[in-house]
Ligand code: ADE
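Numbering (the numbering used here), first residue to last: 94 to 315.
1. Among 258, 279 and 278, whose alpha-carbon lies nearest the alpha-carbon of residue 269?
2. Where do the ends of the beta strand (DSSP E) carrying residue 98 lie?
3. Going by other Cβ atoms of all chains shown within 10 Å of its Cβ, with 16 needed for buried, is residue 97 buried or exposed?
4. Helix, strand or coil, according to DSSP, for residue 176 in the structure here?
5. Rounded to whole angstroms, how far is the Cβ of residue 189 from the Cβ of residue 227, which I believe are closer than 8 angstroms?
6. Which runs of the alpha helix (DSSP H) at least 4 residues long sit entirely within the segment 169-232? Give them in chain order.
7. Have a look at residue 285 and residue 302 and give me their C-alpha separation to the nearest angstrom.
8. On the three-state DSSP scale, how would you describe residue 142?
9. Going by the beta-carbon positions, is the gap between residue 197 and residue 176 smaller than 9 angstroms?
10. Using three-state DSSP, classify residue 276 as helix, strand or coil.
11. In terms of residues, what are the limits of the alpha helix (DSSP H) holding residue 159?
12. Answer with buried or exposed for residue 232, where buried requires no fewer than 16 other C-beta atoms within 10 angstroms of its C-beta.
13. List the DSSP bridge partners of residue 153.
14. Residues bridged to residue 290 by DSSP?
15. Which stretch, first to last residue, makes up the beta strand (DSSP E) that contains residue 125?
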């Protein structure tokens, strides 16, 4: 998979060089290219924003640098082009899996009060939100999405961290996990987990999944 990111702040993407994703990139399991939108500005001062028509607070990112950056990086429109915005479809595990099937994805990050609507109309395939709250820009949202999608790329997760048994993998929240020691601060590990009876353990885990999901996210059971 090849991921293109267009942003005014490429340095914000440093966290993707660390940990599981950093290793996956080093091993060539996916490619990540960062492009600074400002480099495409034709303005003599490299300006990328202006005041909104109709008035109102803040600044809006102008169309020229964005249009040229998007179509310069992705000339033949091979990328599935995503604009991060609170107005977009909310990210879900289902959508993460769908995005993981794409060969080329582009994330366009807006800042300030957003980008000129004509860029969304002309150049963007999908608007994506990571939740009902507002961030200062799309960068964090792009990183969240890249992290969640990269976990589905073959080889990124070891067997021990597979996507098979985790929250949402079967539409339910995950069962609680315990490790050594057997007693910690007076709290004991549930006895069934020490029994070695795999059928009973599986049954207990499924019951816990249903219990936790019913209590915390009853909407998932529908
Ligand atoms: N940009 C600002 N807030 C956002 C959000 N919640 N999701 C995606 N992009 C955003």
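By construction, the Cβ of each residue, glycine as well, lies at the ideal position given by its N, Cα and C atoms. Computed from a predicted structure; not experimentally measured.
On the basis of the coordinates in this document:
1. Among 258, 279 and 278, the Cα nearest to that of residue 269 is on 258.
2. 95-100
3. Buried.
4. For residue 176, the secondary structure class from DSSP, reduced to helix, strand or coil, is strand.
5. Not confirmed; about 22 angstroms, so no contact.
6. 186-192 and 210-216
7. Rounded to the nearest whole angstrom, the CA to CA distance from residue 285 to residue 302 is 15 angstroms.
8. strand
9. Contact: no.
10. In the structure shown, residue 276 sits in a strand (DSSP, three-state: E or B).
11. 156-166
12. buried
13. DSSP output for residue 153 lists 143 as bridge partner(s).
14. None, per the DSSP bridge assignment.
15. Residues 124-129.
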